[in-house]
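A.B. asks: In the numbering used here, the protein residues as written are 2 to 698.
Every residue gets a Cβ at the ideal spot worked out from N, C-alpha and C, and that includes glycine.
Because the structure is a prediction, the values reported are computed rather than measured.
Okay, handing you the structure first.
Right, here's the structure in full:
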């Protein structure tokens, strides 16, 4: 009810009141507060309570069974994207798209040289590794009962704290839903439907067909026995959306079922297996937790950042390790892993609270039940193979699954979906200040020839306006919106500057090669931002940087995997790379592109023309690259690895006016400190919807 109420209010008001963000963020932070200690203690207690002799005899078989079940579920998760329709999509210029993700070092990620650092920075894989080793060490301690009792008491205290936090869930879920509904785009609702329906079909197939069919095929049990044993736990887990609370129920039901398989008490270890396996399974990346990987695949598809086949390795190693903790904690890291927009995290929370969390709990019950039964069967040495069941289940069900996903795809394709990326971009307008301005399509020659020896600040005050040159096709820094109005990140920053100077603005459209002459003549007072590169620094006087951006490639989506590594790009002799003149630097080109051909192009617009299709990729600033993909969704943005330092952006000014340079230095510093530039960055570059409209008409 809280989720529905929040969605309704957020959708109808489209405004976020003071306190809504704070409550939503506080709830997520409180959940994260107990997550890491619980993971560590649960693993230490679960592993430490085991008997060393029992573990040595059954550990290998248990691990094989666990890995086999995980791989089975992953197979169907990786199969599920078949259902995703062929919709045009592109990612807004989000922070995750802009930033270059660092390459993961698996050794440092999993091996905690400093466990305290791992806990402080939320490095879940190394925390899990640390906990596993401590559990193994505790397992071999003879007098460990007191230690286990103490750790169990602390863990129970953490569980009590989590239960206290969950009492705030109705209010927090209400605020999260309100915030999400107020900021969600209508185009995201179609995507939300695709994800929820796909997850529903996937969970239904695994829970009611695939997993029980496998258990019924290789154990003495029947298909209906497995469903009957797990039925009550599945109903409760789905109703509450919690797998944790049904752990005792799963233990008792599976113990009773395993008891029917034993002739005497000589195999009591099999009956005790649920007591150990079920609690430990709660901390493992199994069952419903694996649905988080489906959301990563969905979000990559939906944002236009398709994951290549090579990325699946990262998803299985780094991504899977993140799921030892809460999916809510892991999801931001998983999205960042593949440069997917962090804005989709809100969509994940909505889906989780609506139904996917309940579906995940349902899948976790069946997965854990199947795991316990298979391990107990291994201990009892009662594995069998029923050919009749194999023919009935395991040949038919995969075919049913593929048909189900293909049918979903045709169904989704029939939905009237309209790509809105271009509309979202082109409708942007100022959010802080809209200063009076005029726009000239080219410099006025008569004014250029007029001599004026006064300094820039005096000249601006005398004429009553500041004259600023802006570069053509400089998205999202300067562009014309759907109403023909000149807008953008740089344009609104200059609005703030003009307002502080108490003047209006005259914008003049120019080419990069004209900037030096127009500034030195005194015609222009400044230009919009340009990259701080050696050739620009040599030709022009630049202010201190006001922003920065990473370098990226714009490529056709089907060629995404070719441009993920800098070294392979530099070494390829056949590539033709296009570089717009603002970003072109001859020395850097000679230094790095020794084999490839590089074309200097006057405007990025040419790259998308039929005449220039021989160019394999265009090197550009990532925010601008992302904006162009909104206009051309068949292209995508790639920030190659390893991570490179970002390029600073600065305004070009008159080279002979120290007073104006000093003024701009202090003014930019002031705007950084009062967060005006940060606020505009979030709107124009990061693509975030403003929480508070500060526009003055």
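Considering residue 674, what are the terminal residues of the alpha helix (DSSP H) in which it resides?
C.D. replies: From DSSP, the alpha helix (DSSP H) with residue 674 extends over 659–674.
A.B. asks: Return helix, strand or coil for residue 93, following the three-state DSSP convention.
C.D. replies: Residue placement at residue 93 is flagged as unreliable, the pLDDT there being 47, under the threshold of 50; the coordinate-derived value follows with that caveat. Reduced to three states, the DSSP call for residue 93 is coil.
A.B. asks: For residue 550 versus residue 648, is the C-beta distance shorter than 8 Å?
C.D. replies: Their beta carbons are under 8 Å apart, which means residue 550 touches residue 648 by this criterion.
A.B. asks: Ignoring anything shorter than 4 residues or poking outside the stretch 572–605, list the alpha helix (DSSP H) runs there in chain order.
C.D. replies: For the stretch 572–605, whole alpha helix (DSSP H) runs of length 4 or above, ordered along the chain, are 587–593.
A.B. asks: For residue 283 versus residue 239, is the C-beta distance shorter than 8 Å?
C.D. replies: Against a cut-off of 8 Å, the Cβ pair of residue 239 and residue 283 comes out as no contact.
A.B. asks: If residue 520 sits next to residue 541, beta carbons under 8 Å apart, how far is it from one beta carbon to the other, in whole angstroms?
C.D. replies: That pair is a contact at about 7 Å.
A.B. asks: Can you tell me which residues form a DSSP beta bridge with residue 475?
C.D. replies: Bridge partners of residue 475: 479.
A.B. asks: Is the beta carbon of residue 212 less than 8 Å from the beta carbon of residue 234?
C.D. replies: No; because the gap between Cβ atoms is not below 8 Å, this pair is not in contact.
A.B. asks: Under the assumption that residue 586 contacts residue 641 (Cβ atoms under 8 Å), give the Cβ distance between them as a whole number of angstroms.
C.D. replies: With a Cβ gap of about 17 Å, residue 586 and residue 641 do not count as contacting.
A.B. asks: Does DSSP classify residue 550 as helix, strand or coil?
C.D. replies: Residue state, collapsed to three classes: strand.
A.B. asks: If you draw a straight line from the C-alpha of residue 511 to the C-alpha of residue 443, how long is it?
C.D. replies: Looking at the two C-alpha atoms, the distance is approximately 6 Å.
A.B. asks: Assign residue 636 to one of three DSSP states: helix, strand, or coil.
C.D. replies: Note: residue 636 maps to strand in three-state DSSP.
A.B. asks: Three-state secondary structure (DSSP) at residue 6?
C.D. replies: The answer is helix: DSSP assigns residue 6 an H, G or I state.
A.B. asks: Use the C-beta contact count for residue 371: other C-beta atoms within 10 angstroms, 16 or more gives buried, fewer gives exposed.
C.D. replies: Under this definition residue 371 is a buried residue.
A.B. asks: Just the C-alpha distance for residue 491 and residue 618, rounded to the nearest angstrom, thanks.
C.D. replies: Each residue's alpha carbon lies about 26 Å from the other.
A.B. asks: Enumerated in chain order, which unbroken segments of the alpha helix (DSSP H) with a length of 4 residues or greater are wholly contained in the stretch 399–445?
C.D. replies: List check, alpha helix (DSSP H) in window: 422–427.
A.B. asks: Just to confirm before moving on: does the CB-CB distance between residue 1 and residue 687 stay below 8 Å?
C.D. replies: Nothing in the structure corresponds to residue 1, since the chain is present only between 2 and 698.
A.B. asks: Once the 5 residues before and after residue 84 are set aside, which same chain residues still bring their CB inside 6 Å of it?
C.D. replies: Around residue 84: 199, 406, 409 and 410.
A.B. asks: Could you spell out the range, first to last residue, of the beta strand (DSSP E) harbouring residue 529?
C.D. replies: Residues 527–532.
A.B. asks: State yes or no: is the C-beta of residue 152 within less than 8 Å of the C-beta of residue 42?
C.D. replies: Yes, they are a contact pair.
A.B. asks: What residues in its chain sit with their C-beta under 8 Å from that of residue 594, if we drop five residues either side in the sequence?
C.D. replies: Cβ within range, chain order: 571 and 578.
A.B. asks: Hey, residue 457 and residue 508: beta-carbon distance below 8 Å or not?
C.D. replies: Their beta carbons are not under 8 Å apart, which means residue 457 does not touch residue 508 by this criterion.
A.B. asks: Mapping DSSP to helix, strand and coil, what is residue 230?
C.D. replies: If DSSP states are grouped into helix, strand and coil, residue 230 belongs with the helices.
A.B. asks: Could you check the C-alpha separation between residue 303 and residue 192 for me, to the nearest Å?
C.D. replies: When rounded, the distance between both Cα atoms is 7 Å.
A.B. asks: Report the rounded CA-to-CA distance for residue 559 versus residue 638, giving the unit in angstroms.
C.D. replies: So the two alpha carbons sit approximately 12 Å from each other.
A.B. asks: Have a look at residue 35 and residue 226 and give me their C-alpha separation to the nearest angstrom.
C.D. replies: The straight-line gap from Cα to Cα measures roughly 37 Å.
A.B. asks: Quick check: what's the CA-CA separation for residue 232 versus residue 145?
C.D. replies: Their backbone Cα atoms lie some 37 Å apart in a straight line.
A.B. asks: Within 10 angstroms of its Cβ, does residue 537 collect 16 or more other Cβ (buried), or is it exposed?
C.D. replies: Residue 537 comes out buried.
A.B. asks: Which value, in whole angstroms, describes the spacing of the CA atoms of residue 65 and residue 112?
C.D. replies: Cα to Cα, residue 65 sits roughly 23 Å from residue 112.
A.B. asks: Is residue 287 helix, strand or coil by DSSP?
C.D. replies: Of the three classes helix, strand and coil, the one that applies to residue 287 here is coil, per DSSP.
A.B. asks: By alpha-carbon positions, which one of 77, 135 and 399 ends up nearest to residue 51?
C.D. replies: Answer by Cα proximity: 135.
A.B. asks: Give the C-beta separation of residue 377 and residue 259 to the nearest angstrom, bearing in mind that I take them to be a contact with Cβ-Cβ under 8 Å.
C.D. replies: Indeed, because the Cβ distance is near 5 Å, the residues count as touching under 8 Å.
A.B. asks: Please classify residue 685 as buried or exposed, where buried requires at least 16 neighbouring CB atoms within 10 angstroms.
C.D. replies: The residue in question, residue 685, is buried, as its Cβ has 16 or more Cβ neighbours within 10 Å.
A.B. asks: Would you mind giving the Cβ-Cβ distance between residue 175 and residue 6, rounded to the nearest angstrom? I have them listed as a contact below 8 Å.
C.D. replies: With a Cβ gap of about 6 Å, residue 175 and residue 6 count as contacting.
A.B. asks: Count the other CB atoms, across all protein chains shown, that sit within 10 Å of the CB of residue 323; report buried if there are 16 or more and exposed otherwise.
C.D. replies: Buried, because 16 or more other Cβ atoms sit within 10 Å of the Cβ of residue 323.
A.B. asks: Excluding the 5 residues preceding and the 5 following residue 281 in the sequence, name in chain order all residues of the same chain whose CB lies nearer than 6 Å to its CB.
C.D. replies: Contacts found: 47.
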